[in-house]
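What follows is a single structure, written as structure tokens, with notes after it.
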Amino acid sequence: MRRGKTARFGHWEPYLSEFVYGGMDGCVTTFAVVAGSVGAGLDSAIIIILGFANLLADGFAMSVGSYLSIKTEQDNYRKHKNREFELASRDPAYKSTRVSQIFQSLGYEEQALNIVVDQVTRDSDRWIDIVLKEEMKIIPENKSPLRIGGVTYFSFILIGLIPLLVYVIDFLTPLESDLFMIASILTGFGFL
Numbered sequence: 012m013r014r015g016k017t018a019r020f021g022h023w024e025p026y027l028s029e030f031v032y033g034g035m036d037g038c039v040t041t042f043a044v045v046a047g048s049v050g051a052g053l054d055s056a057i058i059i060i061l062g063f064a065n066l067l068a069d070g071f072a073m074s075v076g077s078y079l080s081i082k083t084e085q086d087n088y089r090k091h092k093n094r095e096f097e098l099a100s101r102d103p104a105y106k107s108t109r110v111s112q113i114f115q116s117l118g119y120e121e122q123a124l125n126i127v128v129d130q131v132t133r134d135s136d137r138w139i140d141i142v143l144k145e146e147m148k149i150i151p152e153n154k155s156p157l158r159i160g161g162v163t164y165f166s167f168i169l170i171g172l173i174p175l176l177v178y179v180i181d182f183l184t185p186l187e188s189d190l191f192m193i194a195s196i197l198t199g200f201g202f203l
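If you're matching positions, the sequence shown starts at 12 in the numbering used here and goes up one per residue.
Next up, the structure:
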């Protein structure tokens, strides 16, 4: 692939961490349900029902949690950004003072400081982004909350199916094997 070109699914790359997070949690919690059910001596049909209930309910809870987490970060950023805009609208010197303090603390001296402050404060969004990042340690979250929730749910179910797969196959076509051992091995592969 040439440099500068985006891979086929490149727009999903920022969501890779949510895919891993959702998938690992799905695999672990479904395996725990399978292990507990096997330990209780439950029938394969019950294991499948409990496993799917876990996949749907826990996956939904994880995806809603991911969605709300990012949404809250974005709302918090907007709240602080609006507050900075409001303070700057009341006092014209406010943004220059704030930006000057930040760049002074970074070691800029008077002549360079004046040039930097002038350049930064010309762009309303840039000066606020710098103030929020440097002083409040708040960085804007640009990922879509809906995509984050969707990726988390999709991966939770996709990878979470791994420990349950052998029980579904056994239900459709009975196997003469140690199902839990196979589920354990498949789960191990799910972590690779």
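Beta carbons are placed, not taken as given, at the ideal position from N, Cα and C, and that holds for glycine.
So Lys-148 and Pro-25 are in contact, right, with Cβ under 8 angstroms, and what is the actual spacing, rounded?
Numbered from its first residue, the sequence shown carries residue 148 at position 137. Numbered from its first residue, the sequence shown carries residue 25 at position 14. Actually they are not in contact, since the Cβ atoms of Lys-148 and Pro-25 sit about 20 angstroms apart, beyond 8 angstroms.
According to DSSP, is Ile-139 helix, strand or coil?
The residue given as residue 139 occupies position 128 in the sequence shown. Three-state result, Ile-139: helix.
In the region 113-167, which residue ranges form an unbroken alpha helix (DSSP H) of at least 4 residues, counting only runs that do not cross its ends?
Listed in chain order, the complete alpha helix (DSSP H) runs (minimum 4 residues) inside the region 113-167 are 121-132, 135-147.
Going by beta carbon distance, what residues of the same chain come within less than 7 angstroms of Ile-168, once the five residues before and after it are set aside?
Translated into the one-based positions of the sequence shown, residue 168 becomes position 157. Contacts found: Gly-37, Leu-66, Gly-70.
Using a Cβ-Cβ cut-off of 6 angstroms (strictly less than) and excluding sequence neighbours within five positions of Ser-107, which residues of its own chain qualify?
Locating residue 107 in the sequence shown gives position 96, where the first residue counts as 1. Here the set comprises Val-128, Thr-132.
For Ile-159 and Ile-81, which I take to be in contact (beta-carbon distance under 8 angstroms), what is that distance rounded to the nearest angstrom?
Working through the sequence shown from its first residue, we reach residue 159 at position 148. Working through the sequence shown from its first residue, we reach residue 81 at position 70. Confirmed, about 5 angstroms.
Which first and last residues belong to the alpha helix (DSSP H) in which Arg-19 is found?
For the purposes of this step, residue 19 is taken as the residue at position 8 of the sequence shown. Premise fails: Arg-19 is in no alpha helix (DSSP H) and is neither H nor E.
What are the start and end residues of the alpha helix (DSSP H) that includes Ser-28?
Numbered from its first residue, the sequence shown carries residue 28 at position 17. Here the alpha helix (DSSP H) through Ser-28 covers 27-50.
Between Leu-61 and Val-44, is the Cβ-Cβ spacing less than 8 angstroms?
Residue 61 sits at position 50 when you count from the first residue of the sequence shown. Residue 44 sits at position 33 when you count from the first residue of the sequence shown. Against a cut-off of 8 angstroms, the Cβ pair of Val-44 and Leu-61 comes out as a contact.
Confirm, please, whether the CB-CB distance from Val-179 to Ala-194 is below 8 angstroms.
Working through the sequence shown from its first residue, we reach residue 194 at position 183. Working through the sequence shown from its first residue, we reach residue 179 at position 168. Going by C-beta atoms, Ala-194 is not nearer than 8 angstroms to Val-179.
Take the Cβ of Ile-196 as the centre, count every other Cβ of all protein chains shown within 10 Å, and call the residue buried at 16 or more, exposed below.
The residue you call residue 196 lines up with position 185 of the sequence shown. With fewer than 16 other Cβ atoms within 10 Å, it is exposed.
Return the chain-ordered list of same chain residues with a C-beta closer than 6 angstroms to the C-beta of Tyr-105, the five sequence neighbours on each side being excluded.
If you number the sequence shown from 1, residue 105 lands on position 94. Cβ neighbours of Tyr-105 beyond the five flanking positions: Leu-98, Ala-99.
Can you give me the C-alpha to C-alpha distance between Gly-76 and Tyr-88, rounded to a whole angstrom?
Within the sequence shown, residue 76 is the residue found at index 65, counting from 1. Within the sequence shown, residue 88 is the residue found at index 77, counting from 1. If I take the Cα positions, the gap works out to 18 angstroms.
Please report the residue range of the alpha helix (DSSP H) in which Asp-86 lies.
Residue mapping note: residue 86 aligns to position 75 of the sequence shown, counting from 1. Start and end: 55-101.
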